[in-house]
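Numbering of the sequence shown is given in this note's numbering, commencing with residue 18 and proceeding in unit increments.
In this text, a Cβ means the ideal position worked out from N, Cα and C, and glycines have one as well.
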Amino acid sequence: MMEPREAGQHVGAANGAQADVAFNLIILSLTEGLGLGGLLGNGAVLWLLSSNVYRNPFAIYLLDVACADLIFLGCHMVAIVPDLLQGQLDFPGFVQTSLATLRFFCYIVGLSLLAAVSVEQCLAALFPAWYSCRRPRHLTTCVCALTWALCLLLHLLLSGACTQFFGEPSRHLCRTLWLVAAVLLALLCCTMCGASLMLLLRVERGPQRPPPRGFPGLILLTVLLFLFCGLPFGIYWLSRNLLWYIPHYFYHFSFLMAAVHCTAKPVVYFCLGSAQGRRLPLRLVLQRALGDEAELGALRETSRRGLVDIAA
């Protein structure tokens, strides 16, 4: 016969388990809803930028970032369906592995592109004359293509060493590659934060000390968004594959934050590009966020004046 104390503990544990299940279902439902909104937002960015992407080199970065986020959210929403429908649906092992590796691939691509655009915007702010006149014409396109190629190479190496897609997996090589991925994640975060800090200091110490508007402000907000919302997913994924300790609640929390990160980017773009008191077309709003009109024209004018002063 069960003692009263043991019966109370058993009931308490059952209630706690039910509360955890309910909490996880709420988190996963929010993740699905945010993911759907992110698909619509990033799809709108892709559609609006695809027609005039080559007018502004920074638009190419945003186009690639939106593409990576779109693929990430699609895989993300599908991958958490078995957790949302517990006991009712389960994917085969190769499908789960494919979704997991593809998500990390798109995550690294997005982070690499964000680091690259932060560095390029920092160079544009620190050396406007060089950036306007001597910057290689196809630099942005080459950087984006190289980013996708290198991340794809890392993705294939991880898939070959850690899964059975290309043969027998190697535990030692798999752990080594995940350590390389951890170092890469740390370097990209440091590069992104360092470039953003220099950009912020350049804006604050300018002659008129204007607030960070236009594309510099967009970069700073996007970097902060990644640090608070996007980074937990990378930490979780590396901790899982390197067998580091992570709290149980961090699993669903990182998934929710990843959805917030990808969904909030289009919101930041359109909010920064909107004009108070005026209703503008979405394409013009996005162009204002990129600084297509006034800021790039002012940058070119400043660069020409600097070159004239140097020549004189």
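Secondary structure of Trp195, DSSP reduced to three states: Here residue 195 refers to the residue found at position 178 when the sequence shown is read from its first residue. Helix.
Hey, Glu49 and Leu116 are a contact pair by Cβ (cut 8 Å); roughly how many whole angstroms apart? The residue labelled residue 49 in the question sits at position 32 within the sequence shown. The residue labelled residue 116 in the question sits at position 99 within the sequence shown. Contact flag wrong, Cβ pair sits at about 15 Å.
Straight-line CA distance for Leu3 to Cys84? With the chain represented from 18 up to 329, any question about residue 3 goes unanswered, as that position is not in the structure.
Quick one: what's got a C-beta closer than 8 Å to Pro227's C-beta in the same chain, skipping five residues either side? By 1-based counting over the sequence shown, the position of residue 227 is 210. Residue confidence for Pro227 is low, a pLDDT of 49 falling below 50, so the modelled location carries little weight; the figure read from the coordinates is stated next. Hits under 8 Å: Val220.
Check whether the Cβ atoms of Leu16 and Ala132 lie closer than 8 Å to each other. The structure shown does not extend to residue 16, since the chain is modelled only from 18 to 329, so the question has no answer here.
Check whether the Cβ atoms of Leu202 and Gly247 sit closer than 8 Å, and answer yes or no. As a first step, residue 202 must be located in the sequence shown, where it is residue number 185. As a first step, residue 247 must be located in the sequence shown, where it is residue number 230. No, the Cβ-Cβ distance between Leu202 and Gly247 is not below 8 Å.
Mapping the DSSP letters down to three states, classify Leu216 as helix, strand or coil. One-based indexing of the sequence shown puts residue 216 at position 199. Three-state result, Leu216: helix.
Per the contact definition of three or more C-beta pairs closer than 8 Å, is the region 113-130 in contact with the region 168-188? yes
Contact defined as beta carbons within less than 8 Å: I believe Leu128 pairs with Trp195. What is the distance between those atoms, to the nearest angstrom? Taking the sequence shown and counting its residues from 1, one reaches residue 128 at position 111. Taking the sequence shown and counting its residues from 1, one reaches residue 195 at position 178. Not really, about 16 Å apart at Cβ, beyond 8 Å.
Helix, strand or coil for Gln304 per DSSP? By 1-based counting over the sequence shown, the position of residue 304 is 287. Correct three-state label for Gln304: helix.
Quick check: the Cα distance between Ala328 and Leu216, rounded to an integer number of angstroms? As a working note, residue 328 is residue 311 in the sequence shown. As a working note, residue 216 is residue 199 in the sequence shown. Low per-residue confidence applies at Ala328: pLDDT is 37, beneath 50, and the placement is therefore not dependable enough to give any value.
So, helix, strand or coil for Pro264, using DSSP? Counting from 1 along the sequence shown, the entry for residue 264 is found at position 247. DSSP places Pro264 in coil when its eight states are reduced to three.
Would you mind working out which of Leu90, Asp81, Trp64 sits nearest Phe272, comparing C-alpha positions? Residue numbering aside, residue 272 sits at position 255 when the sequence shown is read from its first letter. It is Leu90.
Three-way DSSP call (helix, strand, coil) for Asp107 in this model: Here residue 107 is taken as the residue at index 90 of the sequence shown, counted from 1. Three-state result, Asp107: coil.
Leu66 and Leu79: beta carbons closer than 8 Å? By one-based count along the sequence shown, residue 66 stands at place 49. By one-based count along the sequence shown, residue 79 stands at place 62. It is a contact, given that the beta carbons lie within the stated cut-off.
Return the first residue and the last residue of the alpha helix (DSSP H) that Pro153 is part of. Residue mapping note: residue 153 aligns to position 136 of the sequence shown, counting from 1. Looking at the DSSP string, Pro153 is not in any alpha helix (DSSP H), and its letter there is neither H nor E.
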